[in-house]
Structure formats: C-alpha cells, structure tokens
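Asks: Heads up, the working numbering is the position in the sequence shown plus 119, with the first residue counted as 1.
Yeah, the Cβ is synthetic: ideal placement off N, Cα and C, and Gly gets one too.
This structure is in structure tokens; I'll ask about it shortly.
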Amino acid sequence: MRIRHLALAAGMVGLFCLPAHAEARDIGRDTLPANDGWASEGEGTTGGAAADAEHVHTVTDRAGLVRALDGGSATPKIIRIAGTVDANTDDDGDHLDCEDYATGGYSIKRYLAAYDPRTWGSAKPSGPQEEARQASARKQAERVELTVGSNTTIVGLKGAVLKGASLQVRNATNVIIRNLDSRDAYDCFPVWQPNTGGLGDWKTAYDNIWLTGSTHVWVDHVTLSDKGHPDADEPTYFARNYLRHDGLLDITGGSDLVTVSWSRFAGHDKAMLIGNSDSATGDRGRLRVTLHHNEFESVVQRAPRVRFGQVHVYNNRYLAEGDDYRYALGVSTESAIFAENNAFHTPGHIEAADLVKSWNGSALHQTGTLFNGYPVDLLAIHNAYNSGSERDLTADVGWTPTLHTKIDSAAAADRQVARGAGAGRMP
C-alpha cells in the first residue's frame, strides 16, 4: 500500500506543478453554453460551478470519491478525478474480485445446474442459489454504485479513468460530467430470466452512467466502454450470451433536459436507452435529450433507442462493425427522434436498411444522412425494406429543435468528431 500511495503522490506532483507563467484552465468551473441542447433550457446547467473552496475535491481512489460525493448531497461541489479510480476496492484500497463478493454458497457452476431450463423450466429462478446470487450482488452494489447528487460537477484530470463504477444520477438536478474515461461497469452476478425474448436471456445490473428522475444534466467529452472485460470474451450459457454489462449511458425514470456531447461510446452491445418501457406513460413530455458530436464505435444497438422522448440527434459519427450488429436508431413507443446530418460508416454486410429499427414507433425525422460517404434517406429506406412486421414511419415527429449549436454538414462533423470526441480531447 505504501508503494501505491507514493506512486499516486508522484503523479499528483506532475499534475499540479506547472510553470509559473502557465495558468491551467479549470474545467470544473465550466458551465453549459447557451443554446447547447436541451440541458440549456431555462436557467441552463451549471453543475458545481458555484462550489466554495471547501467543496472542491481532487480524488485518487474510491474512498476519496465516496467522501467527495457526500452521499449524493445537493451541496455545490466540484470533484476532480486523478489517475485510475477502481470502484471494486475495499476500504483499504485493495482490489476486490468477484470471488470476494460471493456469499451464501453462490457459484456460477451451482447456479447453472439449479436453473438449467431442461430441468428447471421457464419459472423465475428462486431458492438457495438465487438467494445467494442476490446477496452476492448486493455486496458488489455497495461498492460500485456511486450516487451523484444535485449541483455537482465531476471532471477527469489528464488521463483519468473511473473503472468498474456505475455513476448513478438519481432524482438530481444540475449535474455535469466531463472529460472522464468510464469503463467496465462489470456485473459479477447476472440473473437468468427464462421468459425474456422467448428464449430467455441474462440480465445485468450496471450502466457506466445512469440518469434516473434527473433534470438538467450535461455529459461531455466522456469515453464509455467495456475496456478490460469485453462481453465478446464471455461464454455462452443456456445458448445465450453471458453479458456482464448493461448500458453505457441510460436516461430513464422521467429524466429530462439532457445534453450529451463530444463523447465516445465504444465496444459495447446496448449503448443508450432513453425511456424505461412502453408502459411508462408518465414519461410523456419529458425525456428531452440532445445528442451531438458523439462517436459510436463498434456498438451493436441502442445508439440510441428512444421511448416517448423528443431527442435531437445531430452531427454524430457511427462506426459499425461485427457480425452481431443490429441497428443504430431505435424508434419505440411515441418517440420523436429528430436526426440531422449524421455520418455512418459500415462494412459491406451492414446496409443502410439496418440502421433504423422500429418497435411500435410511428415517426422519424431525418435529413442530411451520409452512409459510407453517400447521401441516403433513412426514412424512405426503412419504409421500403422493413420486415413487414414494422409499420411505416412518417416524417412528422411533432416538433422542431431550437436549442442547438451550429449544425455542420455530416461530412464536416464526421471529421470533427473523429478528431475531438472522447475523454482527453477537450478544446
């Protein structure tokens, strides 16, 4: 432990010892510019910019981050993350593996034997192994679920990584998260759901960042990925992929007025869900989200999938690949996606008709789309080539965005995003 602390101290010296003539920009005091998406509505989004000196923290480990978050309090605060902060650590800072969380006799071998569909059937798992799984999951959740309260800014310093954590912005307002590499929100204890999708599926617990019931949130220049434990390396159980990761950034529970900009989503299955479910009718009039100048690389689906929300998707860059690719824009119940000037790059086996998927959706506005360098009309292509089980979409989504920065051509945005999206690329 002493060697670890000395190494961190040396790194901090490098971060803060600047030449006398140099003035490092304090991005922790930045606020969302006017008209920059839905989060700029009304009084805008300022995060912890008003924090006094006592509530400006630089953290280098999980314990420090937990103290700085202050139990999700609404006190204005700025939290700077330095180095790599690993959420899967104990109070002494020692790393915890899945075996350290397992309790009550849980093991994946016993769990698979107990709930094999050939013997268990289609009932929801219950009994000793499911109880042990739940107890084990609670132990991990106590470590990795980190609650972010109102009036908070979280920024990464140069090279900052938040590993294994699920940042949860719950019922909060006025939050900023910027310049942070958030990776590998790894669930040690997925649950088997026999009736999901007709064939059953594995359900995981953690998003890298989760907004629920929250308003006025700005997520900017973050990198979100599974780096360290890609799901492609996981086995298959009960003929279904044993996924360890949920979403990269999910916006649910009636969250509203959110801007996600200049961020990178990479190497993941279900990247972004906006809206909980088709039955969450209380989300009507909320879930207003702007996505601009983001890069979605090697994302299988949900980039984003939208229910109910008015979502402005412009100047984003999509790099699709892989045999398991499903779609980019998911048009679900009462969604109103206004997509402008986005650029898609795909290999030959992924066609323009694969980019849009509808579940009970009715409308999609799209203009200025580039597909492998050529202009295409995603709406017309979807309506011409959908599976027949999907109804045709109309172009009338019932609204026109007014809160946005300059909208460039898809070609220009493609180049800009390739250079500037993600953590460590702040202008």
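#1: Decide yes or no for the touch test of the region 281-301 against the region 520-536: beta carbon pairs closer than 8 Å, at least 3 of them.
#2: Residue 238 lies in the alpha helix (DSSP H); which residues open and close that run?
#3: Taking its Cβ as the centre, do 16 or more other Cβ atoms sit within 10 Å of residue 225, making it buried, or is it exposed?
#4: Between which residues of its own chain and residue 534 is the CB-CB distance below 7 Å, once the five residues before and five after are set aside?
#5: Go to residue 445, then tell me how far its beta strand (DSSP E) extends in each direction, as first and last residue.
#6: Assuming residue 255 is part of the alpha helix (DSSP H), what are its boundary residues?
#7: Using C-beta distances below 7 Å, list every residue in its chain close to residue 250, excluding the 5 sequence neighbours before and after it, in chain order.
#8: Tell me the rounded alpha-carbon separation between residue 356 and residue 147.
#9: Would residue 536 and residue 436 qualify as a contact pair, given that the criterion is a beta-carbon distance under 8 Å?
#10: Do you know offhand how far residue 265's Cα is from residue 359's?
#11: Secondary structure at residue 478, three-state DSSP: helix, strand or coil?
#12: Report the CB separation of residue 214 from residue 196 in whole angstroms; it is logged as a contact under 8 Å.
#13: Give the range of the alpha helix (DSSP H) segment to which residue 227 is assigned.
#14: Alpha helix (DSSP H) containing residue 218: first to last residue?
#15: Do you know offhand how far residue 340's Cα is from residue 460's?
#16: So, with DSSP's three-state summary, where would you put residue 84?
#17: At the level of alpha carbons, what is the spacing between residue 540 and residue 383?
#18: Given this structure, state the Cα-to-Cα distance separating residue 543 from residue 413, to the nearest angstrom.
#19: What is the DSSP secondary structure of residue 174, reduced to helix, strand or coil?
Replies: According to the data block:
#1: no
#2: Residue numbering aside, residue 238 sits at position 119 when the sequence shown is read from its first letter. Residues 236-239.
#3: Taking the sequence shown and counting its residues from 1, the one referred to as residue 225 is at position 106. Residue 225 is buried by the Cβ-count criterion.
#4: Position 415 of the sequence shown, counted from the first residue, corresponds to residue 534. Counting only Cβ-Cβ distances below 7 Å, and skipping sequence neighbours, we find nothing.
#5: Within the sequence shown, residue 445 is the residue found at index 326, counting from 1. Note, residue 445: premise wrong, no beta strand (DSSP E); not H, not E.
#6: Taking the first residue of the sequence shown as position 1, residue 255 is located at position 136. 247-263 is the span of the alpha helix (DSSP H), which, as asked, contains residue 255.
#7: Counting from one through the sequence shown, the residue named residue 250 turns up at place 131. Result list for residue 250: 223, in chain order.
#8: Position 237 of the sequence shown, counted from the start, is the residue given in the question as residue 356. Position 28 of the sequence shown, counted from the start, is the residue given in the question as residue 147. The straight-line gap from Cα to Cα measures roughly 44 Å.
#9: If you number the sequence shown from 1, residue 536 lands on position 417. If you number the sequence shown from 1, residue 436 lands on position 317. Yes, they are a contact pair.
#10: Counting from one through the sequence shown, the residue named residue 265 turns up at place 146. Counting from one through the sequence shown, the residue named residue 359 turns up at place 240. Their backbone Cα atoms lie some 30 Å apart in a straight line.
#11: Position 359 of the sequence shown, counted from the first residue, corresponds to residue 478. Three-state DSSP puts residue 478 in coil, outside helix and strand.
#12: Within the sequence shown, the letter at position 95 stands for residue 214. Within the sequence shown, the letter at position 77 stands for residue 196. Not really, about 27 Å apart at Cβ, beyond 8 Å.
#13: Here the question's residue 227 lines up with position 108 in the sequence shown. Segment 227-233, the alpha helix (DSSP H) holding residue 227.
#14: Here residue 218 refers to the residue found at position 99 when the sequence shown is read from its first residue. Start and end: 217-220.
#15: The count along the sequence shown starts at 1 and reaches residue 340 at position 221. The count along the sequence shown starts at 1 and reaches residue 460 at position 341. Approximately 20 Å, taken between the alpha carbons.
#16: This structure cannot settle anything about residue 84, because the visible part of the chain is limited to 120 through 546.
#17: Here residue 540 refers to the residue found at position 421 of the sequence shown. Here residue 383 refers to the residue found at position 264 of the sequence shown. When rounded, the distance between both Cα atoms is 6 Å.
#18: Sequence index remark: in the sequence shown, residue 543 carries index 424 (1-based). Sequence index remark: in the sequence shown, residue 413 carries index 294 (1-based). Roughly 14 Å separates the two Cα atoms.
#19: Against the sequence shown, residue 174 aligns to sequence position 55. Helix, per DSSP.
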